[in-house]
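Shown next, in structure tokens, is the structure this report addresses.
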Amino acid sequence: MTSPQARREALAGTLFALPALALMLALLIAPLAALILLSLTDYRLGAVALRFVGFAHYAELFGDEVFRRALRNTLLYVALVLPGAVFGGLGLALLLRARRRSRPFYEVAYFLPVTATLVAMATVWQFMLHPALGPVSALLRGLGLGHVDLLNDPELALLTLALIGLWQLLGFNMVLFLAGLSAIPRELYEAAALDGARSGIDRFLRVTWPMLGPTTMFVTITSTITAFKVFDTVVVLTRGGPMGATETLLYVLYLEGFQYFRTGYAAAMTVVLLGFLVLLSLLQARTIERRVHYA
Amino acid sequence: MRRRLLPLLLSHAVLMAGAVAMLAPFAWMLLTSIRPAEEVFAAVFNPIPGRFAGAENYGQAWREGNLPRAMLNGVIVCAGILGVQLLAAIPAAYALARLRFPGRGVIFGLVLFGLCVPIQVPALPLYLALAEARLLDSYFALMAPFFLTVFGIFLFRQFFRTYPQEVLDAARLDGMGEFEIVWRLAAPAALPAIAAFSVFSVVAHWNDLYWPLIVITSREMATPPLGILAFRDAETGGNYGALMAGAALVTAPLVLAFLLARRAFLRGITLTGLR
């Protein structure tokens, strides 16, 4: 290991990795350590002294009605978005796969919401859903559903946000599924046909669905994480209302940490959130590794 | 032939219905942005405005909304973030992929761990540190947390691993140093990956709300999402025509870029769901 080439390599490698390592220490490792320490104290922004409180914040968290409601809302939101995002994306990809000439048009149409600034588009949705001036409300009145105010109805507000979330996510998932579909070798379909898979449903169940396994897994986890982090639409459209019906985890975290400045408590909340996200991301990282390898 | 016509029509019908729902907000945004205020308030749902009011609506959004400044800030922040990301990530990724050096395994482990950590996690300590350093409400505050891109390092490393060893050996025999190899051989070869990553990075940071909402308080430092949010909240009279014009202005750069470079965007944004 002491050949000149090996020494040269070790020196160059260390130098190349150094800036990234420094950034990692400053932006990842140190903040994480500080976060865990903060979560054990009663620190508030601007406070002079701070007191060690152990796991009191964590205990408080699980009794906190606001946090529990935010957790419930977030999980409900994920449950509302996920089926449409995964199966909708898959269905669209299956329909679009066979289209040659019209494919670019549909790709653009479905992918546009992914690229567009969500905050700006949320203001458009707000206008579209305006009870008096919005075309969606007029449409619902025309269908005989009477006067509906989707964003101010505690029963409907979260569902409305979920539909907007789905609107934003669908094209993304469709493109992932299209990539997954194009990676399935044609011979498999021929082989399945020889084996007696005649109908489209047969071919789907025997070839497409099993071969899409990794893609479906990846899309499901990615969509879960995206939905779990719902924030922009809450800020723009409901601010957690009406009556807390759309208070989600990130929104509550934002309020505690950066509006009420209950830093220690917000730190504990972040650590719990990180736990959720690490769990999901560990699953995701495994699927990315596979995807990047075989892409 | 007739057996195939019906499924074809059906699939187009489904795809088209979905496309209409997807595009409806964009169409309504553009139509309202050229609609005079009196028509908006009369809740007239004619697709075509009775009078063209685009000039006044876009004019109002451009002059009163602080949007030009917000969009300029968006360009500066996105460029600054991407520049540092590439400068730090490319050599690190090359080192992780092709060079043997002490600590390589640990660093790669940290990269994998970092993939699980979104900005919301280090946000609180980073905010406190920036507040302590009196750096809140600045370009630096907007950019700094994103200088590190573990995802970029991960992606480029995958790419560099497939770079032919013979080329590297030949370059070394020719007396090329590792620094030259990274920037003159490996990085140009990784251009497709760099382009895809750049799209991903710019889209993410142009559209980001969470972090700018935390660190920015002044009107001058607003990013595009903050600019549109402030414009909406200031519009107490509720001139939706101008607000829609503002929304169109803020979304236009990325949407136009997407229409011009569809393939690059599809590749870049779907690289990952890690946003």
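Chains as they are written, first to last, in the working numbering: chain Y, 1334 to 1628; chain P, 1427 to 1701.
Backbone N, C-alpha and C fix where the C-beta goes; we use that ideal spot for every residue, glycine too.
Spatially closest choice to V1552/Y from L1496/Y, Q1459/Y and F1505/Y, by CA coordinates: F1505/Y
Spatial distance of T1557/Y from A1339/Y (CA atoms): Spanning the alpha carbons of T1557/Y and A1339/Y requires a straight line of approximately 45 Å.
Cβ neighbours of L1344/Y in the same chain (closer than 6 Å, five flanking residues each side left out): none
Where V1414/Y falls, given that 16 or more other Cβ within 10 Å makes a residue buried: buried
Neighbour flag for D1535/Y against chain P, beta carbons, 8 Å: no
Straight-line Cα distance separating F1438/Y from R1430/Y: 13 Å
Nearest neighbour of G1480/P, chosen from F1539/P, L1692/P and M1670/P [CA to CA]: M1670/P
Contact residues within the stretch 1443–1477 of chain P, judged by C-beta distance below 8 Å to chain Y: G1444, A1445, A1447, M1448, L1449, A1450, P1451, F1452, W1454, M1455, T1458, V1466, F1467, A1469 and F1471
As assigned by DSSP and simplified to three states, the class of F1580/P: helix
Alpha-carbon to alpha-carbon, T1548/Y and L1509/Y: 7 Å
Sequence ranges, beta strand (DSSP E) only - wholly within the stretch 1357–1418 of chain Y, length at least 3: none
Reduced DSSP category for V1481/Y - H, G, I as helix; E, B as strand; rest coil: coil
Burial state of T1581/Y (16 or more Cβ within 10 Å): Residue environment for T1581/Y: buried (at least 16 other C-beta atoms within 10 angstroms of its C-beta).
Minimum Cβ-Cβ distance from C1542/P to chain Y less than 8 Å: yes
8 Å Cβ cutoff, Y1439/Y in contact with chain P: yes
Check whether L1499/Y and A1490/Y have beta carbons under 8 Å apart: no
Span separating the alpha-carbon of G1477/Y from that of R1489/P: 42 Å
Coarse secondary structure for R1598/P, derived from DSSP in three states: Three-state result, R1598/P: helix.
6 Å Cβ shell around P1464/Y - same chain, five flanking residues per side excluded: S1470 and D1482
Residues, ordered as in the chain, of the stretch 1596–1611 of chain Y that lie near chain P by beta-carbon distance below 8 Å: T1596, A1599, A1600, T1603, L1606, L1607, L1610 and V1611
Nearest to Y1565/P (by Cα), restricted to the options A1648/P, A1549/P and Y1589/P: A1648/P
Exposure label - H1480/Y; buried when at least 16 CB within 10 Å: exposed
Collapsed DSSP secondary structure at M1507/Y in the structure displayed: helix
Cβ-based neighbour list, V1411/Y, same chain, cut-off 7 Å, excluding 5 preceding and 5 following: T1557, A1560 and F1561
Rounded separation between M1550/Y and A1599/Y - CA only: 32 Å
Reduced DSSP category for G1467/Y - H, G, I as helix; E, B as strand; rest coil: Three-state result, G1467/Y: coil.
Within 8 Å, strictly: CB atoms of G1590/Y and L1655/P: no
Neighbour flag for Y1629/Y against chain P, beta carbons, 8 Å: Outside the shown range of chain Y (1334 to 1628) lies residue 1629/Y, about which nothing can therefore be said.
Short CB-CB distance (under 8 Å) between L1441/P and chain Y: yes
Same chain only: Cβ atoms within 6 Å of M1455/P, ignoring 5 sequence neighbours per side: M1670, A1673 and A1674
Residue nearest to L1556/P in terms of C-alpha spacing, selected from R1526/P, I1642/P, A1469/P and I1474/P: The shortest C-alpha separation from L1556/P is found at I1642/P.
Bounding residues of the alpha helix (DSSP H) (the contiguous stretch that carries P1638/P): Boundaries of the alpha helix (DSSP H) around P1638/P: Y1636 to V1641.
Given 8 Å, three or more beta-carbon pairs between the stretch 1597–1608 of chain P and the stretch 1616–1625 of chain P: no
The stretch 1447–1459 of chain Y contacting the stretch 1529–1546 of chain Y, beta-carbon criterion three pairs below 8 Å: The stretch 1447–1459 of chain Y, when compared against the stretch 1529–1546 of chain Y, does not touch it at the 8 Å Cβ threshold.
Three CB pairs or more closer than 8 Å across the stretch 1577–1587 of chain P and the stretch 1523–1543 of chain P: yes
Length of the line joining the Cα atoms of L1552/P and P1544/P: 13 Å
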